[in-house]
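In our numbering, the protein residues as written are 5 to 118.
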């Protein structure tokens with residue numbers, strides 16, 4: 005199991021994160037901490053999300069709700085990349101004639117929609 009961080013540890017870890025900024029990000033559901041015996045705790049993924057949120061906030065003066073939407077879109081993009089990787093692995097596992105046929109079908113469909 006990965007190490008969790010308390011709120012104080014999180015604020016100490018994420019350089020540009022303040023208590024008030026974290027409160028704002030929690031309200032926008034940029035991160036959703038887990039409840040534990042220690043209270044609310046954060047995972048390493050939360051650290052990465054908060055570092056990105058702070059960077060976008062500082063560089064582009066983005067509000068928390070806009071940050072939440074943007075990070076959600078980034079999450080979706082990462083999910084789609086993982087699914088595409090699985091599809092490509094499945095295609096790679098097929099015999100050569102099947103792969104060639106799939107390339108032809110995908111190429112035809114891709115260029116016929118334009």
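Cβ atoms here follow ideal geometry from the backbone N, Cα and C, with glycine treated the same way. Since the structure is predicted, the reported quantities are computational estimates derived from the model, not experimental observations.
Hey, out of the options, whose CA is closest to residue i's CA?
| i | options | result |
| --- | --- | --- |
| residue 15 | 32, 53 and 6 | 53 |
| residue 40 | 80, 34 and 9 | 9 |
With 16 as the cutoff for other CB atoms within 10 Å, does residue i come out buried or exposed?
| i | result |
| --- | --- |
| residue 18 | buried |
| residue 50 | buried |
| residue 77 | exposed |
| residue 64 | exposed |
| residue 61 | buried |
| residue 57 | buried |
| residue 107 | exposed |
Is it true that the CB of residue j sits closer than 9 Å to the CB of residue i?
| i | j | result |
| --- | --- | --- |
| residue 45 | residue 55 | no |
| residue 6 | residue 47 | yes |
Rounded to the nearest angstrom, how far is the Cβ of residue i from that of residue j, given a contact under 8 Å?
| i | j | result |
| --- | --- | --- |
| residue 70 | residue 29 | Not confirmed; about 12 Å, so no contact. |
| residue 11 | residue 26 | 7 Å |
| residue 95 | residue 103 | 6 Å |
Can you list, in chain order, the residues of its chain whose CB lies under 8 Å from that of residue i, leaving out five sequence neighbours each side?
| i | result |
| --- | --- |
| residue 74 | 60 and 66 |
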